[in-house]
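Q: I'd like to ask you about the structure that follows.
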Amino acid sequence: MEHSNARSGKYAAEGLQSQRQSPPVGMCWACGTRVRLPVDARGVAVPAFKCGHCGALTVAERGTATRANKLPNVWTSRPVRVTVVAMLILTVVGVGVAVVLPRHTAWWLLHYTLTAWLIFNIAFNYLATLIRDPGTVTANRQPAQSVQTGSLDCYTFCGRCNAAKPPTAHHCSKCAKCIEGLDHHCVFIGSCVGAGNRRAFVVFVYWTVIGCVYVYLLSAMLLWQRRAEVADAWTQFWQLFTLKRAFLVMWWDFHVSPPWLMAVQYLLSVSIGVISAGTYLLVHQLKSLLLGVTYVEALKMQAGGTLMQRQPPMQRLRAVFGDGAPVTWLLPAWDTPRRAPHRPKMY
Numbered sequence: 007m008e009h010s011n012a013r014s015g016k017y018a019a020e021g022l023q024s025q026r027q028s029p030p031v032g033m034c035w036a037c038g039t040r041v042r043l044p045v046d047a048r049g050v051a052v053p054a055f056k057c058g059h060c061g062a063l064t065v066a067e068r069g070t071a072t073r074a075n076k077l078p079n080v081w082t083s084r085p086v087r088v089t090v091v092a093m094l095i096l097t098v099v100g101v102g103v104a105v106v107l108p109r110h111t112a113w114w115l116l117h118y119t120l121t122a123w124l125i126f127n128i129a130f131n132y133l134a135t136l137i138r139d140p141g142t143v144t145a146n147r148q149p150a151q152s153v154q155t156g157s158l159d160c161y162t163f164c165g166r167c168n169a170a171k172p173p174t175a176h177h178c179s180k181c182a183k184c185i186e187g188l189d190h191h192c193v194f195i196g197s198c199v200g201a202g203n204r205r206a207f208v209v210f211v212y213w214t215v216i217g218c219v220y221v222y223l224l225s226a227m228l229l230w231q232r233r234a235e236v237a238d239a240w241t242q243f244w245q246l247f248t249l250k251r252a253f254l255v256m257w258w259d260f261h262v263s264p265p266w267l268m269a270v271q272y273l274l275s276v277s278i279g280v281i282s283a284g285t286y287l288l289v290h291q292l293k294s295l296l297l298g299v300t301y302v303e304a305l306k307m308q309a310g311g312t313l314m315q316r317q318p319p320m321q322r323l324r325a326v327f328g329d330g331a332p333v334t335w336l337l338p339a340w341d342t343p344r345r346a347p348h349r350p351k352m353y
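Structural data, given as structure tokens:
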């Protein structure tokens, strides 16, 4: 009896030891294939592997902190943001055309044509950035038995969208969806800038900077032409600029200062701010396009993440701006221009 109990205890101990030594097994989220999990140097199973059948990546999701419910903010509303940007564009255009645009010169037709071209490009590309889909990943999860070999190569599973996520897509917490080629969530459009509208966004920033440079030059030229009036106005301003009579400065600005000078001051302040911010954003976008790394991917690289192999710089630019000549990349186009596939002639 004692021998049988000892033998059964020995077999039970061996069974437990074999279970502990058996390699851990994981299951692919896409096709259900069971895969042996890799083990690190400490002998601990790593819950991340690539399926040998469909190519999908299975990675243990990190815990996402839930945001506390905040009071509704008016600025977070997309219509409010779009309205503010539209009003800023309209005021600059209206004041610029009414005040600083030359009329009594031999070049008036050239100035009006250039102004119309700039206004059209700014408005067209801003609307394209707003309306075009940034690259929303559709939730088309396939049944496990219908997943073909290599059809989901390097795909991951987004637990918040409950769908497959392409290797170049990222989840936007503000839009609550995955975006293909996500660069950033733009506060001025209330939406994401991704693969679907990045060309329109970059071209919009470019023409906005060029338009503000044009406004700045016209305003500076007008100040130079009427420099005697500007000198008299500034003399009155500095005479009133004291701590005891600081309120008279505002009174002078709205009652004594010439209306055209107030308009020029507004145009100069807006154009300088937009040129500074727009140039920085444009340089950052061109740098990321040449490097083939979006802003979100750059943040992941800083956190120790890895990136896929990138294409040559010219192919990266053509993927965003189209297959046409570089001189046509800044022309207005709703969709990214693509060449038709070459078809051999039939004889």
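Note that the working numbering gives residue 128 to position 122 of the sequence shown, counting from 1, and the numbers run on in steps of one. Here a beta-carbon is modelled for each residue, glycine too, at the ideal position from N, C-alpha and C.
#1: Let me know if L273 comes out buried or exposed under the rule of 16 or more other beta-carbons within 10 Å of its beta-carbon.
#2: Quick check: what's the CA-CA separation for M93 versus V101?
#3: List the endpoints of the continuous alpha helix (DSSP H) containing V270.
#4: Name the two residues that bound the continuous beta strand (DSSP E) containing C218.
#5: Measure how close the beta-carbons of H59 and T162 come, nearest whole angstrom, since I'm counting them as under 8 Å.
#6: Which residue from A206, P172, L228 puts its Cα closest to that of V103?
#7: Tell me H190's beta-bridge partners as DSSP assigns them.
#8: With a cut-off of 8 Å, do at least 3 Cβ pairs link the region 206-220 to the region 132-140?
#9: Mind checking which residues open and close the beta strand (DSSP E) that includes V101?
#10: Output the distance between the C-alpha atoms of T70 and T39, rounded to the nearest integer angstrom.
#11: Can you find a C-beta in chain D that's less than 8 Å from the C-beta of L136?
#12: In this structure, how does DSSP classify G69 when only helix, strand and coil are distinguished?
#13: Evaluate contact between the region 182-197 and the region 269-284, counting only Cβ atoms and requiring at least three cross-stretch pairs below 8 Å.
#14: Judging by CA-CA distance, which residue of L267, Q321, G165, H177 is the nearest neighbour of L224?
#15: Taking the CB atoms as reference points, tell me whether I185 and G141 lie closer together than 8 Å.
#16: Where does the unbroken beta strand (DSSP E) through R322 begin, and where does it stop?
#17: Which first and last residues belong to the alpha helix (DSSP H) in which H117 is found?
#18: By how many angstroms is the C-alpha of H177 removed from the C-alpha of T111?
#19: Which of helix, strand or coil does DSSP assign to L305?
A: With the structure as the only source:
#1: Around the beta carbon of L273, a 10 Å sphere encloses 16 or more other beta carbons of the protein chains shown; the residue is thus reported as buried.
#2: Between M93 and V101, the C-alpha separation is close to 12 Å.
#3: First-last of the alpha helix (DSSP H) with V270: 265-297.
#4: Per DSSP, C218 lies in no beta strand (DSSP E); the unbroken alpha helix (DSSP H) holding it starts and ends at 204-231.
#5: Approximately 16 Å separates the beta-carbon atoms of H59 and T162; this is outside 8 Å, ruling out the contact.
#6: It is L228 whose Cα lies nearest to the Cα of V103.
#7: Under the DSSP definition of a beta bridge, H190 partners with V199.
#8: When C-beta atoms of the region 206-220 are compared with those of the region 132-140, three or more pairs fall below 8 Å, so the two segments count as touching.
#9: Per DSSP, V101 belongs to no beta strand (DSSP E); it is in the alpha helix (DSSP H), 84-101.
#10: Because the pLDDT at T70 is just 44, under 50, the model does not fix this residue reliably, and the point stays unresolved.
#11: Any reference to chain D falls outside this structure, which holds one protein chain only.
#12: Because the pLDDT of G69 is 44, which lies under 50, any placement of that residue in the model is unreliable, and the number read from its coordinates should be weighed accordingly. The answer is coil: DSSP assigns G69 none of H, G, I, E or B.
#13: Counting Cβ pairs under 8 Å, fewer than three are found: no touch.
#14: The candidate whose alpha carbon is nearest that of L224 is L267.
#15: A contact, by the Cβ cut-off of 8 Å.
#16: Per DSSP, R322 belongs to no beta strand (DSSP E); it is in the alpha helix (DSSP H), 319-327.
#17: That run of the alpha helix (DSSP H) goes 114-137.
#18: A straight-line Cα-Cα distance of about 54 Å links T111 and H177.
#19: In this structure, L305 counts as helix in the three-state DSSP scheme.
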